[in-house]
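One structure is given below, encoded as structure tokens.
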Amino acid sequence: MTGSRLLGSGSALPSRVVTNAELAAQIDTSDEWIVERTGIRQRYIAGDGETTASLAIAAARAALDDAGLAASDIDLIVLATATPDNTFPATATKVQHALGCNGCIAFDVAAVCSGFLYALTTADSLLKTGMGTRALVIGAETFSRILDWEDRTTCVLFGDGAGAVILEAPSQDGAAGADLPGVLASRLHADGANHDLLYVDGGPSTTQTVGHLRMKGREVFRHAVVNLANVLNEVIEDAGISADDIDWIVPHQANARILDATAKKLGIAPEKVVVTVDQHANTSAASVPLAYDVARRDGRIKAGDLVMFEAMGGGFTWGASLVRI
Ligand code: UT7
46 MTGSRLLGSG
56 SALPSRVVTN
66 AELAAQIDTS
76 DEWIVERTGI
86 RQRYIAGDGE
96 TTASLAIAAA
106 RAALDDAGLA
116 ASDIDLIVLA
126 TATPDNTFPA
136 TATKVQHALG
146 CNGCIAFDVA
156 AVCSGFLYAL
166 TTADSLLKTG
176 MGTRALVIGA
186 ETFSRILDWE
196 DRTTCVLFGD
206 GAGAVILEAP
216 SQDGAAGADL
226 PGVLASRLHA
236 DGANHDLLYV
246 DGGPSTTQTV
256 GHLRMKGREV
266 FRHAVVNLAN
276 VLNEVIEDAG
286 ISADDIDWIV
296 PHQANARILD
306 ATAKKLGIAP
316 EKVVVTVDQH
326 ANTSAASVPL
336 AYDVARRDGR
346 IKAGDLVMFE
356 AMGGGFTWGA
366 SLVRI
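Residues 46 to 370 in the numbering used here are what the sequence shown spells out, letter by letter.
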């Protein structure tokens with residue numbers, strides 16, 4: 046059975062841009078180091094009044110507009126975040142209330158940078174089982190609020206933002222095939238053995254604090270390239286396509302060198318990789334839907350294209366989804 050269809054997308058960024066030069070004026074780093082090692086040139090940082098929920102609400106409204114739908118058309122909201130407004134309730138319920146679709150299913154998913162892949166796959170699965178007709182799938186983060194701004198090895202890498210897509214349940218006529226629009230195949234993985242390579246050193250049940258992000262970047266990098274290449278090959282095989290059939294890869298935007306290395310391993314031309322890490326830095330769960338929205342709105346991704354989403358993050362968690370637009 047072909048999976049749910051992507052109907053529209055939207056995104057939102059905080060108003061304040063912070064360049065590498067601004068960071069270099071505050072900590073021991075340089076524009077040259079950041080660009081050469083990561084490809085990042087700037088990031089957006091949330092200001093007063095801007096939160097994960099406010100960014101998510103703006104992205105959700107843009108996605109509804111794009112799809113020509115009203116909030117009352119939504120049966121399910123799945124929001125991926127590692128930086129919720131509150132420990133509970135779920136940020137998804139704040140979004141729901143702001144949109145005015147109270148009563149539908151709404152919950153958060155915690156899979157850090159892979160959160161959007163987990164949210165998309167969960168929503169697709171629920172729609173396939175008849176739990177609703179349309180889902181709002183959101184990735185939204187304010188990682189600036191969990192960074193240690195004195196740790197140059199992490200604080201230069203992340204930014205804030207949100208992206209959203211609308212999914213519609215597949216038609217029940219049994220039609221299937223790689224040419225039909227919809228989610229064609231998805232794979233998710235996790236390996237808790239690597240918890241300490243990328244984590245936050247606080248939490249309600251341990252320190253009663255929010256904590257700060259800690260990362261052993263070089264080791265995460267090594268795992269990312271291997272895990273992403275493996276999961277991409279699994280999804281390609283599940284869908285019965287070849288890597289050449291893929292029109293666009295929309296990857297998690299952690300590091301331009303990871304994007305290059307992953308595309309190279311699969312033999313996919315770098316021109317087919319959507320890159321926004323230079324503008325947004327790493328926005329964790331928001332990065333994939335943000336990049337997708339940018340490439341759709343600038344006309345690169347069109348109806349009928351075969352698009353691969355992929356991400357890897359803390360946990361470790363990783364996954365990929367192949368979607369015919
Ligand atoms: O989103 C979840 C997934 N996350 C990722 O995928 C991140 C994966 N990792 C990476 O992207 C890269 O490993 C980093 C960008 C984090 C680091 O790049 P690297 O090439 O692996 O650098 P490194 O950690 O090996 O550090 C090289 C040098 C070190 O100095 P020494 O020990 O060689 O003297 C660091 O102290 O660069 C130094 N360094 C910096 N220098 C200037 C680290 N951070 C900075 C900085 N500015 N901001």
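C-beta: ideal position from N, C-alpha, C; glycine also.
Note that the structure is predicted; figures quoted are calculated from it, not measured.
Residues bridged to Asp205 by DSSP?
Against the sequence shown, residue 205 aligns to sequence position 160. The partner list for Asp205 (beta bridge, DSSP) reads Thr187.
Anyone know if the C-beta pair for Gly184 and Ala330 falls short of 8 Å?
Position 139 of the sequence shown, counted from the first residue, corresponds to residue 184. Position 285 of the sequence shown, counted from the first residue, corresponds to residue 330. Yes, the pair counts as a contact, with Cβ atoms nearer than the cut-off.
CB contact flag (Ala137, Asp153, <8 Å):
Numbered from its first residue, the sequence shown carries residue 137 at position 92. Numbered from its first residue, the sequence shown carries residue 153 at position 108. Yes. Within cutoff.
Can you grab the Cα-Cα spacing for the pair Thr307 / Ala105, in whole Å?
For this step, residue 307 is matched to residue 262 along the sequence shown. For this step, residue 105 is matched to residue 60 along the sequence shown. So the alpha carbons of these two residues sit roughly 30 Å apart.
Using 8 Å as the threshold, is the region 315-322 in touch with the region 74-82, meaning 3 or more CB pairs across them?
no
Got a sec, what are the start and stop residues for the beta strand (DSSP E) Arg369 sits in?
Within the sequence shown, the letter at position 324 stands for residue 369. From DSSP, the beta strand (DSSP E) with Arg369 extends over 362-369.
Beta carbon of Val322 nearer than 8 Å to that of Ile85:
Residue numbering aside, residue 322 sits at position 277 when the sequence shown is read from its first letter. Residue numbering aside, residue 85 sits at position 40 when the sequence shown is read from its first letter. Going by C-beta atoms, Val322 is nearer than 8 Å to Ile85.
With a threshold of 7 Å, establish whether the CB of Met357 neighbours any heavy atom of the ligand UT7.
The residue labelled residue 357 in the question sits at position 312 within the sequence shown. Checking the Cβ of Met357 against the ligand UT7 gives yes.
Anyone know if the C-beta pair for Val140 and Ala98 falls short of 8 Å?
One-based indexing of the sequence shown puts residue 140 at position 95. One-based indexing of the sequence shown puts residue 98 at position 53. Yes, the pair counts as a contact, with Cβ atoms nearer than the cut-off.
Buried or exposed: where does Phe203 fall if 16 or more other Cβ atoms within 10 Å of its Cβ makes it buried?
Translated into positions along the sequence shown, residue 203 becomes position 158. Under this definition Phe203 is a buried residue.
Relative to the C-alpha of Ser366, which residue among Leu335, Val280, Ala288, Arg342 is closest?
The sequence position of residue 366 within the sequence shown is 321, counting from 1. The residue with the shortest Cα to Cα distance from Ser366 is Val280.
Using the C-alpha atoms, what's the distance from Arg263 back to Ala269?
Working through the sequence shown from its first residue, we reach residue 269 at position 224. Working through the sequence shown from its first residue, we reach residue 263 at position 218. Rounded to the nearest angstrom, the two C-alpha atoms are 10 Å apart.
How is the beta strand (DSSP E) around Thr64 delimited, first residue to last?
Counting from 1 along the sequence shown, the entry for residue 64 is found at position 19. From DSSP, the beta strand (DSSP E) with Thr64 extends over 61-64.
For the alpha helix (DSSP H) that Ser54 lies in, which residues bound it at each end?
Within the sequence shown, numbered from 1, the residue matching residue 54 stands at position 9. Note, Ser54: premise wrong, no alpha helix (DSSP H); beta strand (DSSP E) at 50-57.
Hey, which unbroken runs of the beta strand (DSSP E) at 3 residues or more fall wholly within the region 213-277?
227-235, 243-245, 258-260
Closer than 6 Å by C-beta to Arg50: which residues in its own chain qualify, once you throw out the five before and the five after it? Chain order, please.
Your numbering for residue 50 matches position 5 in the sequence shown. Glu213, Pro226, Gly227.
So, helix, strand or coil for Gln71, using DSSP?
As a first step, residue 71 must be located in the sequence shown, where it is residue number 26. Note: Gln71 maps to coil in three-state DSSP.
Distance between Leu52 and Ser216 (C-alpha atoms, nearest Å):
The sequence position of residue 216 within the sequence shown is 171, counting from 1. The sequence position of residue 52 within the sequence shown is 7, counting from 1. Answer to the nearest angstrom: the Cα atoms are 14 Å apart.
Here's a check: name, in chain order, each residue in its chain whose Cβ is nearer than 8 Å to the Cβ of Phe266, leaving out the five neighbours to either side.
Along the sequence shown, one-based indexing puts residue 266 at 221. Result list for Phe266: Asn300, Arg302, Ile303, in chain order.
For the candidate residues Ala230, Asp290, Cys200, Asn278, whose alpha-carbon lies nearest to that of Met260?
Residue mapping note: residue 260 aligns to position 215 of the sequence shown, counting from 1. Comparing Cα-Cα distances from Met260 to each of Ala230, Asp290, Cys200, Asn278, the minimum goes to Cys200.
Quick check on the burial criterion: 16 or more other C-beta atoms within 10 angstroms. Buried or exposed for His240?
Residue 240 sits at position 195 when you count from the first residue of the sequence shown. It counts as exposed.
Which stretch, first to last residue, makes up the alpha helix (DSSP H) that contains Gln324?
Against the sequence shown, residue 324 aligns to sequence position 279. Its alpha helix (DSSP H) spans residues 322-325.
Would you say Leu243 touches the ligand UT7, meaning its beta carbon is less than 7 Å from a heavy atom?
Taking the first residue of the sequence shown as 1, we reach residue 243 at position 198. At least one heavy atom of the ligand UT7 is nearer than 7 Å to the Cβ of Leu243, so yes.
So Ala336 packs on Gln298, CB below 8 Å; how close in whole Å?
Locating residue 336 in the sequence shown gives position 291, where the first residue counts as 1. Locating residue 298 in the sequence shown gives position 253, where the first residue counts as 1. Yes, Ala336 and Gln298 are in contact; Cβ-Cβ is about 6 Å, under 8 Å.
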